[in-house]
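So the protein lines, in turn, are chains A and B.
Position 53, counted from 1, in the first sequence is what UniProt numbering calls 53; the numbers after and before it change by one each time, with no gaps.
Position 102, counted from 1, in the second sequence is what UniProt numbering calls 102; the numbers after and before it change by one each time, with no gaps.
Structure, as structure tokens:
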Amino acid sequence: MNGQALLALRPDLRIIADHVAPGSRALDIGCGDGALMAALRDHAGVDARGIEIDAGNVASAVARGLSVVQGDADVDLAGYPSNAFDYAILSQTLQTTRAPDKVLDELLRIGGRAFVSFPNFAYWRVRASLLWGGRMPVTRTLPVAWYATPNIHHLTIDDFRAFLKARAIVTEGAWFLNGDRLTSEWAANFRAEHAVFLIRR
Amino acid sequence: MEHDQRFGTQRSVTLPGPLALDGGQILTPVTIGYETYGTLNGDASNAILICHALTGDQHVASLHPVTGKPGWWTRMVGEGKPIDPARHFIVCANVLGSCMGSSGPATAAADGQPYAMRFPVITIRDMVRAQAMLLDHLGVRVLTTVGGSMGGMQVLEWAATYPERVRSAVIVASAARHSAQNIAFHEVGRQAIMADPKWRGGDYYASNDPPADGLAVARMAAHITYLSEDGLTEKFGRKLQARESKGFGFDADFQVESYLRHQGLSFVDRFDANSYLYITRAMDYFDLAEEHGGLLANAFRGTKTRFCLVSFDTDWLYPTRESRSIVQALNAAGAAASFVELSSPFGHDAFLLDVPELFRVVDGFLKAGGL
Chain A
1 MNGQALLALR PDLRIIADHV APGSRALDIG CGDGALMAAL RDHAGVDARG IEIDAGNVAS
61 AVARGLSVVQ GDADVDLAGY PSNAFDYAIL SQTLQTTRAP DKVLDELLRI GGRAFVSFPN
121 FAYWRVRASL LWGGRMPVTR TLPVAWYATP NIHHLTIDDF RAFLKARAIV TEGAWFLNGD
181 RLTSEWAANF RAEHAVFLIR R
Chain B
1 MEHDQRFGTQ RSVTLPGPLA LDGGQILTPV TIGYETYGTL NGDASNAILI CHALTGDQHV
61 ASLHPVTGKP GWWTRMVGEG KPIDPARHFI VCANVLGSCM GSSGPATAAA DGQPYAMRFP
121 VITIRDMVRA QAMLLDHLGV RVLTTVGGSM GGMQVLEWAA TYPERVRSAV IVASAARHSA
181 QNIAFHEVGR QAIMADPKWR GGDYYASNDP PADGLAVARM AAHITYLSED GLTEKFGRKL
241 QARESKGFGF DADFQVESYL RHQGLSFVDR FDANSYLYIT RAMDYFDLAE EHGGLLANAF
301 RGTKTRFCLV SFDTDWLYPT RESRSIVQAL NAAGAAASFV ELSSPFGHDA FLLDVPELFR
361 VVDGFLKAGG L
């Protein structure tokens, strides 16, 4: 994939956009104003559908011609039939759900594969903030103070790996990001700000 | 097209029929009052059918011949609006059973006398079939359908009955079935009409003295359901009308009372009581899932139609959960569906009022479909 719209995407979304097969069907859960969906549609002919909780974002996405349903990942995924999509995409949303394990189950039921991206709470700056400052971290990827953060289920890359292993979920791909640069898998749990996983049953 | 008598405002056509009705009867001929705006393009692909609500009419964007007021959806339809006669060929027809030029209880039957209660009971699907006959007459095969409230029910029915004809569908503040509460409110209205001694079993046309009191009460009861409690409180509260203190009688002491009385009275000038009975009945019978084996998703199986649904957070007549269940059915059927709940203080009536987000959503949805 190429094009200006792709370059403008958030780094984790660009990774996802680069790895969704052209012409496939994708459900973007927490799709925001539809930036990823529009890129997938325009550059890869993907039949993209979205779910988004914020009405203003839904209106923006619909106004750009996308099929987006206002809804909540915690409750509305149940309405989708099994294997309806080739990919289910959950970017920067897992840590805000009430029941992340059930949401992941739904992702793998609805889509053959799932992209999941999340901020890594074991990133060294986060550790340092707690260790040296004794304060909950406020970083570029976790920009909101403790009382206002939407994140209610903090997780680390190693937590997620353990979760996948315990449930025999297959990892097809993993990308680790520091800022907008990819970092190696080596010590990713310490060095990466956030991660993107491609998983399947 | 300018010289084609089929197109323009204040049109009417009598089609030979027959129209086979869900109730088992056959209606022939079928007269439909309608208006068109704009020009059908070369490949007849820019047609938008607007479906009106219970007491609406075909005067969607033209002056109403009885009230002299502007059309009922001039915020949505007009130059520079989401539905624009400069780009779209717009059709709005008076529904079957109504009283603004389409076949209904006030129309003359074969014996020259008004049908009155001899008019067959009709359904939303019958209304849609009549509209399809009109569109055939106008040379429109494929179209986009747009409607709010009962209009939204017609849009859903269009998509289910003629999936190959409906490219895009916009459903605002509507539902795929009438709930028990909806039916209950309608029954209050019907009983008010039929309890009026002037109703006379529906045979009041010769007298020139229709059951206006009953119809006004029906309208007053319905009007409450179109608003929200907060909206009513904000607008009227417990304020008194043109007096300093309570009158200790049964005049309209409160502003909200005189407002409702005004709504009821102005309604009887433009609407027929029997039409109110027939159309509310059609709405009560509406249950799209039931028509498709009890599973709403079956109504949309294999559909290629793009759907856009909008609900309003203060609408308790057709609440958001009704739209959500339609969206779930559309998702289950794999249809391309968008849905948003918009915030408005105006209750069900919001779809007729100034809600910029509504116009933005509809505009974007239509343009994305190449309209």
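Virtual Cβ for every residue (Gly too), placed ideally from N, Cα, C.
Could you tell me if the beta carbon of residue i falls within a distance shorter than 8 Å of some heavy atom in the ligand NAD?
i: A:Thr96; result: Of the ligands one can find in the structure shown there are none, so the ligand NAD has no counterpart to examine.
Which residues in the same chain as residue i place their Cβ atom closer than 6 Å to its Cβ, once the five residues preceding and following it in sequence are excluded?
i: B:His52; result: Gly151
i: B:Tyr205; result: Pro114
i: B:Thr225; result: Phe185, Leu317
i: B:Cys92; result: Glu35, Ile50, Gln58, Val60
i: A:Tyr80; result: Ile110
i: B:Asn182; result: none
i: B:Pro16; result: Pro29
i: B:His88; result: Gly38, Asn46, Ile48
i: A:Gly173; result: Leu198
i: B:Ala106; result: Cys99, Pro114, Asp272
i: A:Gly71; result: Ile51
Any beta carbon of chain A sitting closer than 9 Å to that of residue i?
i: B:Gly87; result: According to the sequence displayed, residue 87 of chain B carries Arg and not Gly. No, B:Arg87 does not count as interfacial toward chain A.
i: B:Arg167; result: no
i: B:Lys367; result: yes
i: B:Arg190; result: no
i: B:Arg261; result: no
i: B:Arg324; result: yes
Expressed to the nearest angstrom, what Euclidean distance is found between the alpha-carbon atoms of residue i and residue j?
i: B:Ala335; j: B:Phe7; result: 33 Å
i: B:Val121; j: A:Asp86; result: 47 Å
i: B:Ser258; j: B:Ala252; result: 5 Å
i: A:His43; j: B:Leu260; result: 55 Å
i: B:Glu79; j: B:Tyr37; result: 11 Å
i: A:Arg143; j: A:Gly34; result: Correcting the residue identity first, residue 143 of chain A is Pro in this sequence and not Arg. Cα-Cα distance, rounded: 22 Å.
i: A:Val138; j: A:Thr183; result: 22 Å
i: A:Met37; j: A:Thr156; result: 27 Å
i: B:Leu27; j: B:Thr320; result: 36 Å
i: A:Val126; j: A:Phe163; result: 21 Å
i: B:Gly231; j: B:Lys239; result: 14 Å
i: B:Thr145; j: B:Ser168; result: 6 Å
i: A:Asn189; j: A:Ala122; result: 6 Å
i: B:Leu138; j: B:Arg219; result: 34 Å
i: B:Gly141; j: B:Val166; result: According to the sequence shown, residue 141 of chain B is Arg rather than Gly. Roughly 9 Å between the two C-alpha positions.
i: B:Asn298; j: B:Glu244; result: 59 Å
i: A:Val170; j: A:Trp124; result: 27 Å
i: A:Gly133; j: A:Ile152; result: 21 Å
i: B:Thr74; j: B:Leu135; result: 22 Å
i: B:Cys308; j: B:Gln191; result: 36 Å
i: A:Val46; j: B:Ile32; result: 43 Å
i: residue 455 of chain B; j: A:Ser67; result: Outside the displayed range of chain B (1 to 371) lies residue 455 of chain B, so it cannot be described from this structure.
At 7 Å on the CB atoms, spell out the chain A contacts of residue i, in chain order.
i: B:Gly364; result: Val62, Ala63, Arg64, Gly65
i: B:Arg360; result: Ala59, Ala63
i: B:Phe339; result: Val69, Gln70
i: B:Val327; result: Val69
CB-CB under 7 Å to residue i, same chain, minus the five flanking residues each way: which ones, in chain order?
i: B:Asp203; result: Ala116
i: B:Ile90; result: Thr36, Tyr37, Gly38, Ile48, Ile50, Val77, Ile83
i: B:Ala109; result: Tyr115, Arg118
i: A:Pro150; result: Thr96
i: A:Ala99; result: Asp74
Show which residues of chain B have a CB atom less than 7 Å away from the CB atom of residue i.
i: A:Pro81; result: Ala332
i: A:Ala84; result: Gly334
Say whether chain B places a C-beta atom closer than 9 Å to the C-beta of residue i.
i: A:Gln70; result: yes
i: A:Asp33; result: no
i: A:Arg49; result: yes
i: A:Asp76; result: yes
Against residue i, what residues of chain A qualify as contacts under a CB-to-CB distance less than 9 Å, listed in chain order?
i: B:Leu342; result: Ala55, Ala59
i: B:Cys308; result: Val62, Ser67
Using a Cβ-Cβ cutoff of less than 8 Å, which residues in the same chain neighbour residue i once the five nearest sequence positions on both sides are dropped?
i: A:Phe160; result: Val116, Phe118, Ala195, Phe197
i: A:Ala17; result: Met1, Leu6, Leu9, Leu36, Ala39, Leu40, His43, Ala44
i: A:Asp101; result: Phe163
Return the residues of the segment 346 to 357 of chain B that lie within a Cβ-Cβ distance of less than 7 Å from chain A, sorted by chain order.
Glu357
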